[in-house]
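**Q** Handing you a structure now.
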Ligand code: MSP
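In my numbering, the protein residues as written are 660 to 1310.
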């Protein structure tokens, strides 16, 4: 999908108000928000729509069960969605409700238009209806002659007068659309499912109901007041009524949608009914319909009865909104199902975000603070580091198509390559060595390279992690907007000279041992945290066993020795400065002089216990301990087998 159109209209499904938001809803919304933010950043005139789907039997019954009027109930739940998206800083341009007067008028106008075209006729519907899915099913599709093939719930037999939409008349046109537009349904493999379904034959669709009341009435000139519109006809129309269809067409120039983001369960409605309705209305078809997979919880389907529904707000509060956004988008290939587990989330935060991204920022802050008084100047980067720059630019060039082909996990994967280039460059060129050898210009260029890589990455990561990337750009003294996107990522420019601002670490390490408890939202019983549980010490055959969480209480990291000297008057001690990827190197006093000279240790890598309480040895503070093995033949250091970035955790 190319970025050539001037306008971009991006939508989420509108959410049913029979339940409050869970991570599945948050997922769709966060993806759409990411695409909308990216579109705006690249200068497209973007319109991002979300909202709530409030009509239908399911909502009417949910309100009744709670003893509330349907409108009050819909108002209340709709507000919970809107508030959540506001708290999540979702950048929607309009929040539509299907109970909005203007929407309802638009639906009636659409009905009249399709009717005048001869695509709607009146008959009697006889068949099975699943209230939960708000879908009619022919008998042949039912499980055991009764149960819904989608959700497994019991269906009800409906026999009532109904208006029908001539869906069958659109079979060939739909098939032609699928065939002629390769990316109309993403991921592409989902398109085959749709094609197979349509090739199996389409029946006309019952689009009105008479057995309940909570819906959009037919246009008054139809003089048929007992009918209300089928909830999916009503709901799908939101994508155009939000733009003023049926009123003033004020924003209809955003149509057709660049992408409708949906879950795989509602693909059929979007990929079959919706384009058929649009064809009947004489409107262009959406450019893309992108269907994502489902989230499960610790391997199980989320459901109210199991009490394992994950509340997105609790996750965001516990682990940070941007971290949660990154996790959802990085963890699962778009279209595939994903499992929500806190362990996986913590791993992503500690590893991708903490080690790769956060650490790099700490390193550049440390480097410029220590050697250049906070100054960063990229003027000589191309003179010394062209290869690194080429690698970075080649990754950046691959990004945009990945995003709009909905390969968002690959987008993030590719975006991490420049971070690896940057971290490796520090390890390879060692600013401390450059400074020692008087190569100040080259060290400054390294500083400029790292800062510019961070800037480019933060621009491209901004749509996924807006708050974090704004912090990074503040530290690097630039603003993320269309101008910086153009300069840094399209024109391959580097940062102009600036003075770096120190900021607090962005991703403090989360130890699994203090795994945060995300409560299932629909019951009050607090689940035992599966991983955080303290294992009792057990003694078996003389071995004292500890739980894995106790092991993780020790922070072990790879360090690089950047200075080494003897402790005067001591036979045993060396005084080392060890880079652990933090702002400042750690001073470590090590009792290894009998086996290693200061020279032996310089520029080698070691394994460090990084969270030992500091201690004083012969008047010197020691801020860590080196791992070593000692037997009758002497002592040897434990080192990584291959060079690793300073600060890489061990475990
Ligand atoms: N109201 C309809 C959509 C009408 S759009 C014209 C609807 N609403 S819904 O609230 O049930 O679902 C909204 C979206 O949430 C769907 O895209 C659905 O796929 C998604 N999810 C609901 N549960 C989910 C998970 N467990 N995981 C991922 N997404 C899921 O359908």
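Every residue gets a Cβ at the ideal spot worked out from N, C-alpha and C, and that includes glycine.
Starting from residue 1042, follow the alpha helix (DSSP H) in both directions and report where the run begins and ends.
**A** Residue 1042 -> alpha helix (DSSP H) spans 1040-1056.
**Q** How should residue 673 be labelled, buried or exposed, when 16 other C-beta atoms within 10 angstroms of its C-beta is the threshold for buried?
**A** Flag for residue 673 reads buried.
**Q** Quick check on residue 713: buried or exposed, where buried means 16 or more other Cβ atoms within 10 Å of its Cβ?
**A** The residue in question, residue 713, is buried, as its Cβ has 16 or more Cβ neighbours within 10 Å.
**Q** Can you pull the DSSP bridge partners for residue 1238?
**A** In the DSSP output, where bridge partners are listed per residue, residue 1238 has 1219.
**Q** Please tell me whether, using a cut-off of 7 Å, the distance from the CB of residue 837 to the nearest non-hydrogen atom of the ligand MSP is below it.
**A** False, no ligand heavy atom lies under 7 Å from that Cβ.
**Q** Taking Cβ positions, are residue 974 and residue 682 nearer each other than 8 Å?
**A** Closer than 8 Å, so yes.
**Q** Do residue 1238 and residue 1218 count as a contact pair if the criterion is CB distance below 8 Å?
**A** A contact, by the Cβ cut-off of 8 Å.
**Q** Measure the alpha-carbon distance for residue 845 versus residue 994 and round it to whole angstroms.
**A** Each residue's alpha carbon lies about 8 Å from the other.
**Q** If you reduce the DSSP assignment to three classes, tell me which class residue 1258 lands in.
**A** Helix.
**Q** Just grab the DSSP bridge partners of residue 1089 for me.
**A** Note: residue 1089 sits in no beta bridge, so no partner.
**Q** Rounded C-beta distance between residue 1252 and residue 1230? I'm assuming under 8 Å.
**A** Confirmed, about 7 Å.
**Q** Evaluate residue 670 with the Cβ neighbour count: other Cβ atoms within 10 Å of its Cβ, from every protein chain shown; 16 or more gives buried, anything less gives exposed.
**A** When all chains shown are included, residue 670 counts as buried.
**Q** Could you have a look at residue 634 and say whether DSSP puts it in helix, strand or coil?
**A** Not covered by the structure: residue 634. The range shown for the chain is 660 to 1310.
**Q** Tell me whether residue 775 is buried or exposed, calling it buried when 16 or more other Cβ atoms sit within 10 Å of its Cβ.
**A** By the 10 Å Cβ count, residue 775 comes out exposed.
**Q** On the premise that residue 883 lies in contact with residue 823, defined as a C-beta separation below 8 Å, what is that separation, rounded to the nearest angstrom?
**A** At roughly 14 Å, the Cβ-Cβ gap does not stay under 8 Å, so residue 823 and residue 883 are not in contact.
**Q** Three Cβ pairs or more, each shorter than 8 Å: is that satisfied between the segment 827-835 and the segment 866-886?
**A** Taking 8 Å as the limit for Cβ pairs, the verdict is that the segment 866-886 does not touch the segment 827-835.
**Q** Can you list the alpha helix (DSSP H) stretches of 4 or more residues lying completely in the segment 765-812, in chain order?
**A** Listed in chain order, there is nothing to give.
**Q** So, helix, strand or coil for residue 1289, using DSSP?
**A** Residue 1289: strand per DSSP, three-state reduction.
**Q** Assuming residue 817 and residue 784 make a contact with CB atoms under 8 Å, what is their CB distance in whole Å?
**A** Between residue 784 and residue 817 the Cβ distance is about 6 Å, and since that is below 8 Å, they are a contact.
**Q** Are there 16 or more other CB atoms within 10 angstroms of the CB of residue 1274, so buried, or fewer, so exposed?
**A** With fewer than 16 other Cβ atoms within 10 Å, it is exposed.
**Q** Relative to the ligand MSP, is the shortest distance from any of its heavy atoms to the C-beta of residue 915 smaller than 7 Å?
**A** Result no, Cβ not under 7 Å from the ligand MSP.
**Q** Would you say residue 691 touches the ligand MSP, meaning its beta carbon is less than 7 Å from a heavy atom?
**A** False, no ligand heavy atom lies under 7 Å from that Cβ.
**Q** Taking all protein chains shown into account, decide if residue 934 is buried (16 or more other Cβ within 10 angstroms of its Cβ) or exposed.
**A** Result: buried.
**Q** Where residue 1136 and residue 1117 are concerned, what is the direct C-alpha to C-alpha distance, given to the nearest angstrom?
**A** Roughly 12 Å separates the two Cα atoms.
**Q** Spatial neighbours of residue 1179 within its chain, please: C-beta separation below 7 Å, excluding the five flanking residues on both sides.
**A** The pLDDT assigned to residue 1179 is 49, lower than 50, so where the model puts this residue is not dependable, and the model offers no usable value.
**Q** Beta carbon of residue 1108, beta carbon of residue 1102: below 8 Å?
**A** No; because the gap between Cβ atoms is not below 8 Å, this pair is not in contact.
**Q** Assign residue 1112 to buried or exposed, taking buried as 16 or more other Cβ atoms, counted over all protein chains shown, within 10 Å of its Cβ.
**A** It is buried - the Cβ of residue 1112 has at least 16 other Cβ atoms within 10 Å.
**Q** Rounded to the nearest angstrom, how far is the Cβ of residue 894 from that of residue 757, given a contact under 8 Å?
**A** So it is a contact: roughly 6 Å between Cβ atoms.
**Q** Between residue 1067 and the rest of its own chain, which residues show a CB-CB distance below 6 Å, the 5 nearest in sequence each way excluded?
**A** For residue 1067, where only same-chain residues beyond five positions count, the Cβ hits under 6 Å are 988 and 993.
**Q** Whose C-alpha, out of 820, 1076, 794 and 1280, is nearest the C-alpha of residue 811?
**A** Checked all of 820, 1076, 794 and 1280; the closest Cα to residue 811 is 794.
**Q** Which of the three DSSP states is assigned to residue 954 in this structure?
**A** Strand.
**Q** What residue range is occupied by the uninterrupted beta strand (DSSP E) comprising residue 1246?
**A** 1245-1249 is the span of the beta strand (DSSP E), which, as asked, contains residue 1246.
**Q** Evaluate residue 676 with the Cβ neighbour count: other Cβ atoms within 10 Å of its Cβ, from every protein chain shown; 16 or more gives buried, anything less gives exposed.
**A** Label assigned to residue 676: buried.
**Q** Report yes if the C-beta distance between residue 762 and residue 843 is below 8 Å; otherwise report no.
**A** For residue 762 and residue 843, no; Cβs fall outside 8 Å.
**Q** Can you say whether residue 1063 is buried or exposed, counting buried as having 16 or more other CB atoms within 10 angstroms of its CB?
**A** Under this definition residue 1063 is a buried residue.
**Q** Going by DSSP, which residues form a beta bridge with residue 997?
**A** Answer is 954, bridged to residue 997.
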